[in-house]
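Chemist: Numbering (the working numbering), first residue to last: 1 to 292. Can you keep this structure in mind? I'll have questions shortly.
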Amino acid sequence: MSDTTTPLTQGLQLDERQRAMLAEMGVRLWWPEPEVPAEVKADAPARPAVAAPARAAAPAPATAPLPRAAPSERPAPPAPRTVPVVPLGDGALTDLDWPALQDHMKACTACPLSQGRCNVVPGVGDAQRPDWLVVGEAPGEQEDRQGEPFVGAAGQLLDKMLLAMGLARGERVYITNVIKCRPPHNRNPEPAEVAQCAPFLQRQIELLQPRIVLAVGRFAAQSVLALAGVDEATRGQPLGKLRGQVFRLPTAQGSVPVVVSYHPAYLLRSPAEKGKAWADLCLAMAQLDRPA
Ligand code: URA
1 MSDTTTPLTQ GLQLDERQRA MLAEMGVRLW WPEPEVPAEV KADAPARPAV AAPARAAAPA
61 PATAPLPRAA PSERPAPPAP RTVPVVPLGD GALTDLDWPA LQDHMKACTA CPLSQGRCNV
121 VPGVGDAQRP DWLVVGEAPG EQEDRQGEPF VGAAGQLLDK MLLAMGLARG ERVYITNVIK
181 CRPPHNRNPE PAEVAQCAPF LQRQIELLQP RIVLAVGRFA AQSVLALAGV DEATRGQPLG
241 KLRGQVFRLP TAQGSVPVVV SYHPAYLLRS PAEKGKAWAD LCLAMAQLDR PA
């Protein structure tokens with residue numbers, strides 16, 4: 001039986017740096033609700049399932065309620081957006097190895113985004129079978145200038161999230177976006193742009209063979225879930241319904257778990273949601289310990 005008087009931080013074996021990063025993220029430690037089964041139906045009610053972090057001891061089961069944001073603190077739900085069905089099995093890129101894929105992306109002029117870019121932003125990090133693949137939406141201004149994803153304010157928060165998980169940019173994690181060129185004025189990518197870029201992400205996943213994919217933000221979630229063959233109605237749900245569960249992306253080797261969570265830029269605007277994002281990261285970390 002768990003002890004309801006147990007201090008909230010007891011049992012979590014996070015080191016000082018991870019605790020500091022959680023504090024920086026604005027996340028207070030809490031006990032999780034009971035874990036949602038790994039293969040939750042997509043239409044199940046979303047809840048903040050938290051599983052034991054792969055690199056931290058499992059916390060005791062929940063008996064105390066999770067601290068939740070007061071209704072007045074909750075941001076209004078984002079307006080529903082959909083992205084197109086991403087073409088699958090295109091085959092056009094399946095012959096490309098990693099260097100050829102980089103060259104291909106950097107030379108791409110297949111859509112108008114190529115005309116306004118300073119740099120193509122293919123991705124950054126550990127490209128040698130990383131444990132993690134983090135997928136965001138599209139480069140912003142800083143990313144376009146530097147040719148590296150997530151280098152602005154949202155990227156700094158992403159780095160803190162990674163550090164809280166015992167990861168660092170470039171170590172065991174590769175970071176990329178669905179779209180490799182900056183949309184003008186950071187507008188949402190057009191369906192045709194997503195369709196054009198999706199095979200790049202698909203080939204990156206095939207070559208990287210990550211152990212888990214973390215899709216941050218609704219746009220990345222919809223695109224990765226499309227690659228995973230999740231039907232349009234399911235993946236078109238609000239992010240709050242997609243998070244807290246584990247999807248599977250079929251690969252040549254079997255399948256890889258996919259967890260979706262909030263985009264760091266959204267978390268900067270809605271800090272009250274950081275606890276849910278941490279719950280998603282814990283759910284994702286727990287998948288690394290599971291057999292495929
Ligand atoms: N937002 C993203 O989704 N990707 C980036 O690279 C930067 C900001």
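All residues carry an ideal CB built from backbone N, CA and C; glycine is no exception.
Three or more beta-carbon pairs under 8 Å between the stretch 231 to 242 and the stretch 177 to 197, yes or no?
Modeler: With a cut-off of 8 Å, the stretch 177 to 197 and the stretch 231 to 242 do not count as touching, because too few Cβ pairs lie within range.
Chemist: Does the separation of the CB atoms of A277 and L267 fall below 9 Å?
Modeler: Here the question's residue 277 lines up with position 277 in the sequence shown. Here the question's residue 267 lines up with position 267 in the sequence shown. Yes, Cβ-Cβ distance for A277 and L267 is below 9 Å.
Chemist: Would you report the Cα separation of L167 and A107, rounded to the nearest angstrom?
Modeler: As a position in the sequence shown, residue 167 is number 167, starting the count at 1. As a position in the sequence shown, residue 107 is number 107, starting the count at 1. Approximately 31 Å, taken between the alpha carbons.
Chemist: So, are the CB atoms of G152 and E141 less than 9 Å apart?
Modeler: Counting from one through the sequence shown, the residue named residue 152 turns up at place 152. Counting from one through the sequence shown, the residue named residue 141 turns up at place 141. Yes, Cβ-Cβ distance for G152 and E141 is below 9 Å.
Chemist: Can you tell me whether DSSP reads E171 as helix, strand or coil?
Modeler: On the sequence shown, position 171 is the one that residue 171 refers to. Strand, per DSSP.
Chemist: Between the C-alpha atoms of L158 and N119, what's the straight-line distance to the nearest angstrom?
Modeler: Indexing the sequence shown from 1 puts residue 158 at position 158. Indexing the sequence shown from 1 puts residue 119 at position 119. In a straight line, the C-alpha of L158 is about 21 Å away from that of N119.
Chemist: Please determine, among L207, Q209 and Q202, the residue with the shortest C-alpha to C-alpha distance to L225.
Modeler: Mapped onto the sequence shown, residue 225 falls at position 225. Minimum Cα distance to L225 is reached at Q202.
Chemist: Could you check the C-alpha separation between S270 and M25 for me, to the nearest Å?
Modeler: The residue you call residue 270 lines up with position 270 of the sequence shown. The residue you call residue 25 lines up with position 25 of the sequence shown. Cα to Cα, S270 sits roughly 12 Å from M25.
Chemist: Measure the Cβ-Cβ separation of G116 and A220 and say whether it is below 9 Å.
Modeler: The residue given as residue 116 occupies position 116 in the sequence shown. The residue given as residue 220 occupies position 220 in the sequence shown. In this structure, A220 does not lie closer than 9 Å to G116 by Cβ.
Chemist: Which value, in whole angstroms, describes the spacing of the CA atoms of R129 and P184?
Modeler: Within the sequence shown, residue 129 is the residue found at index 129, counting from 1. Within the sequence shown, residue 184 is the residue found at index 184, counting from 1. Between R129 and P184, the C-alpha separation is close to 33 Å.
Chemist: Give the secondary structure of S338 by DSSP, where H, G and I count as helix, E and B as strand, and everything else as coil.
Modeler: The structure shown does not extend to residue 338, since the chain is modelled only from 1 through 292, so no value can be given for it.
Chemist: If the criterion is Cβ atoms closer than 9 Å, does the pair P199 and A138 meet it?
Modeler: Mapped onto the sequence shown, residue 199 falls at position 199. Mapped onto the sequence shown, residue 138 falls at position 138. Against a cut-off of 9 Å, the Cβ pair of A138 and P199 comes out as no contact.
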